[in-house]
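**Q** Using UniProt numbering, you'd call the opening residue of the sequence shown number 1 and step up by one each time.
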Amino acid sequence: MDKIPVFVLTGFLGAGKSTLLDRLLADPAFCDTAVIINEFGDVALDHDLVRVGETQVARTTTGCLCCTIGSDIRSTLHELHVLAGAGEISFDRVIVETTGLADPAPLVNQLMPGGSPAFGLRDHLVARNFVVERNFELAGVVTLFDIVTGELSIENHFEAAKQIAFADRIVLTKSDLASDPASLRDIESLRARLAALNPAAPIDNSHQSGFDPAELFQRRVYAPASLGDDVIGWLALEEAIRGDGGHGSNGTAKPGASPFARRGGRIRTFAITRESPIGRDAFQTFLGLLSMSARPRLLRVKGLLHDRDEPQRPRVIHAVQHVVYPPAILDGWPSADRHTRLVFITDGIDPEPVRQLFEAALDGKPIKAGRALRQLASAVAETFRSGATQLARALTG
Numbered sequence: 001m002d003k004i005p006v007f008v009l010t011g012f013l014g015a016g017k018s019t020l021l022d023r024l025l026a027d028p029a030f031c032d033t034a035v036i037i038n039e040f041g042d043v044a045l046d047h048d049l050v051r052v053g054e055t056q057v058a059r060t061t062t063g064c065l066c067c068t069i070g071s072d073i074r075s076t077l078h079e080l081h082v083l084a085g086a087g088e089i090s091f092d093r094v095i096v097e098t099t100g101l102a103d104p105a106p107l108v109n110q111l112m113p114g115g116s117p118a119f120g121l122r123d124h125l126v127a128r129n130f131v132v133e134r135n136f137e138l139a140g141v142v143t144l145f146d147i148v149t150g151e152l153s154i155e156n157h158f159e160a161a162k163q164i165a166f167a168d169r170i171v172l173t174k175s176d177l178a179s180d181p182a183s184l185r186d187i188e189s190l191r192a193r194l195a196a197l198n199p200a201a202p203i204d205n206s207h208q209s210g211f212d213p214a215e216l217f218q219r220r221v222y223a224p225a226s227l228g229d230d231v232i233g234w235l236a237l238e239e240a241i242r243g244d245g246g247h248g249s250n251g252t253a254k255p256g257a258s259p260f261a262r263r264g265g266r267i268r269t270f271a272i273t274r275e276s277p278i279g280r281d282a283f284q285t286f287l288g289l290l291s292m293s294a295r296p297r298l299l300r301v302k303g304l305l306h307d308r309d310e311p312q313r314p315r316v317i318h319a320v321q322h323v324v325y326p327p328a329i330l331d332g333w334p335s336a337d338r339h340t341r342l343v344f345i346t347d348g349i350d351p352e353p354v355r356q357l358f359e360a361a362l363d364g365k366p367i368k369a370g371r372a373l374r375q376l377a378s379a380v381a382e383t384f385r386s387g388a389t390q391l392a393r394a395l396t397g
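1) Compute the distance between the beta-carbons of L190 and I147, then report whether it is under 8 Å.
2) Check whether the Cβ atoms of D168 and G140 sit closer than 8 Å, and answer yes or no.
3) Is it right to say residue 404 is buried, meaning 16 or more other beta carbons lie within 10 angstroms of its own, or is it exposed?
4) With a threshold of 16 other CB atoms inside 10 Å of the CB of F158, please say whether the residue is buried or exposed.
5) In its own chain, which residues sit with a C-beta less than 6 Å from the C-beta of A336, not counting the 5 before and 5 after it?
6) How would you write the range of the alpha helix (DSSP H) that E88 sits in, first residue to last?
7) Which partner residues does T143 have in the DSSP bridge list?
8) Determine the burial state of E137: buried for a count of at least 16 other Cβ atoms within 10 Å of its Cβ, exposed for fewer.
9) Does the beta carbon of L330 sit closer than 8 Å to a beta carbon anywhere in chain D?
10) For the beta strand (DSSP E) holding T285, just list the boundary residues, first then last.
11) So, with DSSP's three-state summary, where would you put P334?
12) State buried or exposed for P213, treating a residue as buried only when at least 16 other CB atoms are found within 10 Å of its CB.
13) Would you mind giving the Cβ-Cβ distance between A26 and F91, rounded to the nearest angstrom? I have them listed as a contact below 8 Å.
14) Tell me, to the nearest whole angstrom, how far the beta carbon of N135 is from that of L172; I am working on the premise that it is less than 8 Å.
15) Can you tell me whether A29 is buried or exposed? The criterion is at least 16 other CB atoms within 10 Å of its CB, across all chains shown.
16) Alpha carbon to alpha carbon, how far is D186 from V82?
Spelled out as structure tokens, the structure:
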């Protein structure tokens, strides 16, 4: 049986993964594609934002593929394998869209023959399909890089740098926002900095004439050894982590182990929902105040807004760190759920002051909004103090 290629689509928060995937799946040539969407948060959202037609979609359990105890990606692939064997679905490639916070090392280890050990029956069956029958094969890692916030992400989040290092294809996104000569020169210097992180991967521009996203997902062989010594070292380190940190000696999860523990306790993910339609101006006030207060600690906001003025046409909300993007307007709701639903990923900011600010802005309560803003400012300041203390200890230790 021919091997089914598995492609990993990664990139830090807000890099444009869902946008590129939506564009790709509009191509009839990709109708026989199985898409695995991994979401980080309490409310499933990305599967509504990707219009896939006849494409088969499976959404993994909430949490990040790289740090879920066990191996969620193998379980999901096993489900696809069983459905295909029963004749219920048919596909000739798999694309895994990771959450923006994903560390690619453990995910690549799970998908490579001879990689991470199998835990549990389903995990073993999928590992067997990779190693013995070889029905699946990791064919490539495509990493998107946002030219607006990408450098800041690499400076502040090690996962963003590793996503670049593990790629065998790199794609620059949002270059349409750079039109003046200085910005265009910055893009060229950016290419050089990315090449220093990963000299082996070709770098494409998603807004350059002739760019074809389909070419990113053509069958090939993914070879980590060609990407440099750092990648090989990280894969070896990941094996050691899995063998010692996340599981007991029998391969079961240690009691109390957190699926997000590997990146520390500062990352928060939470959702806000509202049944009644929302006024557009009041919502923009909320999002502007939140972005101004949290700045780089507001890692990501993504959602669907039920606009009071256009209830039949939901607005797609995107914000990345300090940048709030103009909302896209859909022609109709992607599902029967018409509630406003927003997913937040923050660094060191608790959900409660964000929820209070949301309610105060929408209900026109400036005193309550001011109280929430003071709490946010205090949380951001504490996060900076904590980071500075950790850095000082590292430098003097």
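Every residue, glycine too, gets a C-beta built ideally from N, C-alpha and C.
Predicted model only: the values in this text are computed from it and were never measured.
**A** In brief:
1) Position 190 of the sequence shown, counted from the start, is the residue given in the question as residue 190. Position 147 of the sequence shown, counted from the start, is the residue given in the question as residue 147. In terms of Cβ geometry, L190 and I147 form a close pair [threshold 8 Å].
2) Taking the sequence shown and counting its residues from 1, one reaches residue 168 at position 168. Taking the sequence shown and counting its residues from 1, one reaches residue 140 at position 140. Yes.
3) As displayed, the chain neither begins before 1 nor continues past 397, which places residue 404 out of reach and without an answer.
4) Stepping through the sequence shown from its first residue, residue 158 is reached at position 158. So F158 counts as exposed.
5) Sequence index remark: in the sequence shown, residue 336 carries index 336 (1-based). Closer than 6 Å at the Cβ level, and outside the excluded window around A336, lies no residue.
6) Taking the first residue of the sequence shown as position 1, residue 88 is located at position 88. For E88, no alpha helix (DSSP H) encloses it, and the DSSP letter there is neither H nor E.
7) On the sequence shown, position 143 is the one that residue 143 refers to. Answer is T10 and I170, bridged to T143.
8) Against the sequence shown, residue 137 aligns to sequence position 137. Residue environment for E137: buried (at least 16 other C-beta atoms within 10 angstroms of its C-beta).
9) No chain D appears in this structure, which consists of one protein chain only.
10) In the sequence shown, residue 285 corresponds to position 285, counting from 1. Here T285 belongs to no beta strand (DSSP E); instead the alpha helix (DSSP H) covers R280 to A294.
11) The count along the sequence shown starts at 1 and reaches residue 334 at position 334. Here P334 sits in coil by DSSP.
12) Start at 1 with the first residue of the sequence shown, and residue 213 comes out as number 213. P213 should be labelled buried.
13) Numbered from 1 along the sequence shown, position 26 holds the residue referred to as residue 26. Numbered from 1 along the sequence shown, position 91 holds the residue referred to as residue 91. Cβ atoms of A26 and F91 stay farther apart than 8 Å, at about 17 Å.
14) Along the sequence shown, one-based indexing puts residue 135 at 135. Along the sequence shown, one-based indexing puts residue 172 at 172. Between N135 and L172, the beta carbon gap of about 34 Å keeps them out of contact (Cβ cut-off 8 Å).
15) For the purposes of this step, residue 29 is taken as residue 29 along the sequence shown, with counting starting at 1. Of the other Cβ atoms in all chains shown, fewer than 16 fall within 10 Å of the Cβ of A29; this residue is therefore exposed.
16) Translated into positions along the sequence shown, residue 186 becomes position 186. Translated into positions along the sequence shown, residue 82 becomes position 82. C-alpha of D186 to C-alpha of V82: approximately 48 Å in a straight line.
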